[in-house]
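The structure appears below as structure tokens.
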Amino acid sequence: MKENTVEIIRRKALPGHMDRLLAINNPEVVSFVAEYVDLCDPESVFVFNGSKEDEAFIRDAAISLGEEKPLGMKGHTIHFDGYNDQARDKKNTRILLPPGIRLNPTIDTMDRETGLKEIREIMRGIMKGKMMYVCFYNLGPKRSEFSIQCVQLTDSSYVAHSENLLYRPAYDEFLRLGPKARFFRFVHSAGELVNGVSKNIDKRRVYIDPIGEIVYSANTQYGGNTIGLKKLAMRLAIWKGSKEGWLTEHMLIMGVNGPNGRVTYFTGAFPSLCGKTSTSMMVGERIVGDDIAYLHKRDGEVRAVNVERGVFGIIQGINSKDDPIQWKALHSPNEIIFSNVLVYDDGKVYWIGKDGETPSRGINHSGEWYPGKKDANGKLIDPSHKNARFTLRLDCLENLDPRLEDPAGVPVRGIIYGGRDSDTCVPVEQAFDWVHGIITKGAILESETTAATLGQEGVREVNPMSNLDFLSIPLARYIMDNINFGKDLKTPPLIFGVNYFLRDKNGKFLNEKNDKGIWLKWMELRVHGEAGALRTPTGLIPEYSDLKRLFKVVQNKEYTEDMYTRQFTVRIPEWLAKIERVTNYYRKNEPDTPPIFYEIIEQQKKRLLDSRERFGDYIAPEKLPEE
Ligand code: SPV
Ligand code: MN
Numbered sequence: 221m222k223e224n225t226v227e228i229i230r231r232k233a234l235p236g237h238m239d240r241l242l243a244i245n246n247p248e249v250v251s252f253v254a255e256y257v258d259l260c261d262p263e264s265v266f267v268f269n270g271s272k273e274d275e276a277f278i279r280d281a282a283i284s285l286g287e288e289k290p291l292g293m294k295g296h297t298i299h300f301d302g303y304n305d306q307a308r309d310k311k312n313t314r315i316l317l318p319p320g321i322r323l324n325p326t327i328d329t330m331d332r333e334t335g336l337k338e339i340r341e342i343m344r345g346i347m348k349g350k351m352m353y354v355c356f357y358n359l360g361p362k363r364s365e366f367s368i369q370c371v372q373l374t375d376s377s378y379v380a381h382s383e384n385l386l387y388r389p390a391y392d393e394f395l396r397l398g399p400k401a402r403f404f405r406f407v408h409s410a411g412e413l414v415n416g417v418s419k420n421i422d423k424r425r426v427y428i429d430p431i432g433e434i435v436y437s438a439n440t441q442y443g444g445n446t447i448g449l450k451k452l453a454m455r456l457a458i459w460k461g462s463k464e465g466w467l468t469e470h471m472l473i474m475g476v477n478g479p480n481g482r483v484t485y486f487t488g489a490f491p492s493l494c495g496k497t498s499t500s501m502m503v504g505e506r507i508v509g510d511d512i513a514y515l516h517k518r519d520g521e522v523r524a525v526n527v528e529r530g531v532f533g534i535i536q537g538i539n540s541k542d543d544p545i546q547w548k549a550l551h552s553p554n555e556i557i558f559s560n561v562l563v564y565d566d567g568k569v570y571w572i573g574k575d576g577e578t579p580s581r582g583i584n585h586s587g588e589w590y591p592g593k594k595d596a597n598g599k600l601i602d603p604s605h606k607n608a609r610f611t612l613r614l615d616c617l618e619n620l621d622p623r624l625e626d627p628a629g630v631p632v633r634g635i636i637y638g639g640r641d642s643d644t645c646v647p648v649e650q651a652f653d654w655v656h657g658i659i660t661k662g663a664i665l666e667s668e669t670t671a672a673t674l675g676q677e678g679v680r681e682v683n684p685m686s687n688l689d690f691l692s693i694p695l696a697r698y699i700m701d702n703i704n705f706g707k708d709l710k711t712p713p714l715i716f717g718v719n720y721f722l723r724d725k726n727g728k729f730l731n732e733k734n735d736k737g738i739w740l741k742w743m744e745l746r747v748h749g750e751a752g753a754l755r756t757p758t759g760l761i762p763e764y765s766d767l768k769r770l771f772k773v774v775q776n777k778e779y780t781e782d783m784y785t786r787q788f789t790v791r792i793p794e795w796l797a798k799i800e801r802v803t804n805y806y807r808k809n810e811p812d813t814p815p816i817f818y819e820i821i822e823q824q825k826k827r828l829l830d831s832r833e834r835f836g837d838y839i840a841p842e843k844l845p846e847e
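Here my numbering is used: the first residue of the sequence shown is 221, the next is one more, and so on.
Now the structure itself:
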């Protein structure tokens, strides 16, 4: 190691912290840190060794620097992002690629050399006057074939604090692995702060370099843009997994409790703000993860781990009746960071959809807030942001599954795809087989856009596997990776589509929020061949008698045949329109889409047309044959 590499850091490291770095015995770690100490020019360098004292130091720094403020309850803090910095910035998020690689047009890319040059200029001196945290984590459980080590550099104590809750600190793993550690790298700076928020939003950039396995994030604070190990690492992992034959998915992982103590594991992909977290936290079931999963094949089975160990969840709509588990965790003295909610009465929090009245005054991401307040463009400001969130460790939740840290992962028996779809798909439907599922439930999933990303809401967009925002490889290749993943499995997971957002002609939702608990129970029975099904042109749906029984036994609810018919009627015109839309989309945007995709879609179209001949546009389930 060059002497001056060490010297660059030593000059700024807190007492004893250079030794922490050298103890790792990995020259790559030292030269990575030195490069960015040199470029970003922080005032001091803190090396996080994973101890309780270090965690407390970071927590306290977040408060003393004003990035977080304590709330009324012990352990609770509030963090605000800047007014236009509360969601993922898709426009300024770019994958840096060498010439010749083409991604889906919705993903912004940039020539690698140009991007690296630009971001280095933006980051030059960006940490002046601040402390740089050097943090070590593990993605996935430790000492597991799923594990990926990471080093995060950030000048934000909020980001470091969030990562301490969300990921497994792994300085010990770096010590153990020494020079063998290969690691993902993240460099973040919130940039210059004014009133605690990033000032230079015009220079907000998130640049992802899958070849160098490094991500840069500058002039932003919102977690989705800054927490390197979350959606930024996901792009690196998708790239890596595609080369190595495993998958990185925007998926929850959960155990569903079946009869006689049986636990069946599912993963589920939903776009942001479409019910993924609330599904994973369903009362009576077991959460393993709510956002990102790695899927490997082992001994003919699919195995999954939660990449994270915490939740950065949407808070809007959480209430005591529908979400008792989250409600309880949010009202207990756990270590929790609230972001972009309303703070009132000196330390109470309010969010849209919470029990009780909206307070008449408070502080939110826009400063002092009162009902009727408008922003500079005349837009009414909600008391809390729609994408306001809470960050906590999963062990705050009473239904955490004990296998979260299992190095072998959990065996996956069912995969669920769901989007925000007001008029086409039934609430739950099983695909005929793996390939049919990957294509008609996953690859042609559409969803209406939400507040999780900047831009207009409610626009229907194709969102393959709910993972489109995070793809660093061509979509056509990603679809083939998924199809191939299903080959040679002894127990291929069943694939299901769900839709929590179906509405009637008057725009009223056809389902209650917790009906999803029943769809889970039905899927669990299907995995074990213990429930029947009816065959539709698009898949297999539940029989009324099974759902009626499940609603009664699980939720003590009467489920009428009329409700069932309204929910599970096959909507042929809407399905045909969807096929038209998605086929056009793929033809236009993904010229390399594999032929199997079009074959499966054509077969589905033919089944829909044949059924229309026999039954008309809308087929009530009573007319459908058993599977
Ligand atoms: C999502 O938007 O899908 C999230 C939060 O899970 S973010 O970190 O913004 O990606
Ligand atoms: Mn997500």
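By construction, the Cβ of each residue, glycine as well, lies at the ideal position given by its N, Cα and C atoms.
Tell me which residue opens and which closes the beta strand (DSSP E) that residue i is part of.
i, result
"serine 330", "The question names serine, yet the displayed sequence has methionine at residue 330. 329-331 is the span of the beta strand (DSSP E), which, as asked, contains methionine 330."
"threonine 487", "483-489"
"lysine 517", "513-518"
"glycine 530", "530-534"
"glutamine 372", "368-374"
"lysine 568", "568-570"
"valine 802", "Element bounds for valine 802: not the beta strand (DSSP E) but the alpha helix (DSSP H), 792-809."
"tryptophan 589", "587-589"
"asparagine 477", "471-477"
"tryptophan 835", "Strictly speaking, residue 835 in this sequence is phenylalanine, with tryptophan absent from that position. Here phenylalanine 835 belongs to no beta strand (DSSP E); instead the alpha helix (DSSP H) covers 815-835."
"tyrosine 564", "562-564"
"serine 559", "556-559"
"histidine 408", "403-409"
State the start and end residues of the unbroken alpha helix (DSSP H) segment that holds residue i.
i, result
"isoleucine 703", "695-705"
"isoleucine 298", "Looking at the DSSP string, isoleucine 298 is not in any alpha helix (DSSP H); the run it does join, the beta strand (DSSP E), is 296-299."
"tryptophan 654", "654-657"
"threonine 497", "496-500"
"valine 253", "247-260"
"asparagine 607", "Neither: asparagine 607 is in no alpha helix (DSSP H) and is coded neither H nor E."
"glycine 737", "736-747"
"isoleucine 283", "272-284"
"asparagine 384", "377-386"
Since residue i and residue j are thought to touch, with beta carbons under 8 Å apart, how far apart are those beta carbons, to the nearest angstrom?
i, j, result
"aspartate 782", "arginine 723", "Contact doesn't hold; Cβ gap of about 16 Å is too wide."
"serine 251", "threonine 225", "5 Å"
"glutamine 787", "asparagine 734", "About 14 Å separates the two Cβ atoms, so there is no contact after all."
"isoleucine 431", "isoleucine 693", "Their Cβ separation, rounded to whole angstroms, is 12 Å, which puts isoleucine 431 and isoleucine 693 out of contact at 8 Å."
"methionine 501", "leucine 617", "7 Å"
"glycine 604", "valine 561", "Per the sequence shown, residue 604 should be read as serine rather than glycine. With 8 Å as the limit, serine 604 and valine 561 qualify as a contact, their Cβ atoms being about 4 Å apart."
"isoleucine 715", "isoleucine 658", "7 Å"
"isoleucine 816", "isoleucine 703", "7 Å"
"isoleucine 314", "methionine 330", "Residue identity differs from the one stated: residue 314 is arginine in this sequence, not isoleucine. Going by Cβ atoms, the distance from arginine 314 to methionine 330 rounds to 4 Å, so yes, they are a contact pair."
"isoleucine 473", "alanine 524", "5 Å"
"glycine 335", "tyrosine 427", "5 Å"
"isoleucine 342", "lysine 423", "5 Å"
"glutamine 823", "threonine 758", "So it is not a contact: roughly 11 Å between Cβ atoms."
"leucine 449", "isoleucine 244", "Between isoleucine 244 and leucine 449 the Cβ distance is about 18 Å, and since that is not below 8 Å, they are no contact."
"glycine 638", "tyrosine 720", "6 Å"
For this session: Would you check if there are 3 or more beta carbon pairs closer than 8 Å linking the stretch 363-372 to the stretch 397-410?
Result: yes
Problem set entry | Shell residues, 6 Å Cβ cut-off relative to heavy atoms of the ligand MN | His470, Ser492, Asp511
Exercise. Are the stretch 508-523 and the stretch 545-552 touching, with three or more C-beta to C-beta distances below 8 Å?
Worked result: no
Problem set entry | the stretch 307-318 / the stretch 660-674 touching (three or more Cβ pairs under 8 Å) | yes
Exercise. In chain order, which beta strand (DSSP E) runs of at least 3 residues are fully inside the stretch 417-453?
Worked result: 425-429, 434-438
For this session: Would you check if the stretch 260-275 and the stretch 644-661 touch, i.e. whether three or more CB-CB distances between them fall below 8 Å?
Result: no
Exercise. If you scan the stretch 614-653 from start to end, which runs of the beta strand (DSSP E) of 3 or more residues do you find wholly inside it?
Worked result: 630-638, 648-650
Problem set entry | the stretch 380-389 / the stretch 524-543 touching (three or more Cβ pairs under 8 Å) | yes
For this session: Answer yes if the stretch 618-634 comes into contact with the stretch 516-525, meaning at least three C-beta pairs across the two stretches below 8 Å, and no otherwise.
Result: yes
Exercise. Does the stretch 390-402 touch the stretch 352-361, meaning 3 or more C-beta pairs lie closer than 8 Å?
Worked result: yes
For this session: Return the chain-ordered ranges of every beta strand (DSSP E) run that is complete within the stretch 297-360 and spans a minimum of 3 residues.
Result: 313-317, 329-331, 351-359
Exercise. Can you find at least 3 beta carbon pairs, one from the stretch 685-700 and one from the stretch 443-462, that sit closer than 8 Å?
Worked result: yes
Exercise. For the stretch 753-767 against the stretch 835-845, are there 3 or more C-beta pairs whose distance is under 8 Å?
Worked result: yes
Exercise. Does the stretch 320-329 come close enough to the stretch 581-598 to have 3 or more Cβ pairs within less than 8 Å?
Worked result: no
Exercise. Looking at C-beta atoms only, is the number of pairs between the stretch 675-682 and the stretch 830-842 that lie closer than 8 Å three or more?
Worked result: no
Problem set entry | Validate contact between the stretch 290-302 and the stretch 411-423 using beta carbons, cut 8 Å, 3 pairs | yes
Problem set entry | Touch test, the stretch 562-572 against the stretch 277-293, Cβ-Cβ under 8 Å, three pairs minimum | yes
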